[in-house]
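A short write-up of the structure that comes next.
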Amino acid sequence: MENQILLITDFSKASWNALIYGMEIYKTTKAKFFILHCYKKELLKQDKKEQKIKSEIGLQRIMQGIGFRKENLPHEFETISSSKKVPDAVREIVGSFKIDLIILGSKGDFAGINYAYHNWVSEILQNLESCTTLVIPETSKFNPKEFNEMVFPTPFNNSYRSSELKTFIALARLTNSTIRVLEIQESNGTLNQKQLSNKENLRDLFQGVNFTFHTLTQTTISTGIRLFIQSRDSSMLSLYRRKQGFFSRLFNQSMEKDIEFDPSVPVLLIPEIPGAG
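Counting along the sequence shown from 1, when you hit position 232 you're at 232 in the UniProt record's numbering, and nothing is skipped either side.
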């Protein structure tokens, strides 16, 4: 089955880098990339027309750039210029084309996923909840020989569903990487029966891909994740995004405690899907 990928672009170098990163991940498999640019709707009629023209020209230049790469990849591309707000346009596209993955490029060295930073990426993420999203720092380059592992922090409080982890597992297979399931305990403790059951559920869901379990103690979650990734030179961080909120609330911590958490590796945000199988 063809993978359906949506890239949201603002015509920056970061967005172009994110597109190339995504193309490299799916280099060996069929994929259709929808490239979306949204221009401001709250404009005078003449200004809106000019913005639409600029948007379409920008998308044409992206297609020209793809053509200049002269790679015979099994990919299709479709550009979409929209006057809708990004969340509204994305919801429509995700529903119409059954998007598997949304890709965003973040300017600079970091993913910029923390809401406290009020940047382009964090503002978009606040309104995207229904689709797995990959945020790629501008300085990240995909190298299949160096892409080694995807870190998946969890307190084992949730019973994950196969539909929620489908894209995550598919990416692990595509990149031939290992999933590192990371439990972080701020104090020494043992898993209760529910947590043990959820851990076994993950073990079942990850059959067919390489995975290992790891535990860190006596550290905060944000510090533990950062040190784990740095010490192992991990390639990607995967976070389960619950309906109650973003990363800080995912682990029942306040935003203040994680205010400086901003990964320098690509981050895969996995949405909670209530009632999914």
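Each residue gets a CB set at the ideal place from its N, CA and C atoms; glycine is no exception.
Where LEU191 falls: helix, strand or coil (DSSP): coil
Between the CA atoms of LYS85 and residue 307 - distance to the nearest angstrom: Any question about residue 307 goes unanswered here, given that the chain covers just 1 to 277.
Whether LEU73 touches PHE34 by CB criterion (9 Å): In terms of Cβ geometry, LEU73 and PHE34 do not form a close pair [threshold 9 Å].
HIS214 to TRP16 span [Cα, whole Å]: 35 Å
Ranges of the beta strand (DSSP E) found wholly within the segment 131-212, counting only runs of at least 3: Listed in chain order, the complete beta strand (DSSP E) runs (minimum 3 residues) inside the segment 131-212 are 133-137, 149-153 and 178-185.
Proximity of GLN218 and GLN185 at Cβ, strictly below 9 Å: yes
Beta-bridge pairing of GLU129 - partner residues as DSSP gives them: DSSP output for GLU129 lists no bridge partner at all.
Buried/exposed call for THR167, threshold 16 Cβ in 10 Å: Under this definition THR167 is a buried residue.
Through-space distance from LEU216 to ILE80, alpha-carbon basis: 45 Å
Length of the line joining the Cα atoms of ALA111 and LEU165: 21 Å
Range of the contiguous beta strand (DSSP E) that encloses ALA31: 31-38
Per DSSP, cross-strand counterpart(s) of PRO271: ARG241
Check whether PRO271 and THR132 have beta carbons under 9 Å apart: yes
DSSP three-state assignment for SER71, whether helix, strand or coil: Inspection of the sequence shows that residue 71 is occupied by Glu rather than by Ser. In the structure shown, GLU71 sits in coil (DSSP, three-state: anything other than H, G, I, E or B).
Cutoff 9 Å: GLY65 Cβ touching any chain D Cβ: Absent from the structure: chain D. Only one protein chain is present.
Rounded C-alpha distance that separates LEU19 from ASN188: Rounded to the nearest whole angstrom, the CA to CA distance from LEU19 to ASN188 is 42 Å.
Three-state secondary structure assigned by DSSP to THR223: helix
Three-state secondary structure assigned by DSSP to GLN4: strand
Straight-line gap, LEU269 to SER238 (C-alpha atoms, nearest Å): 6 Å
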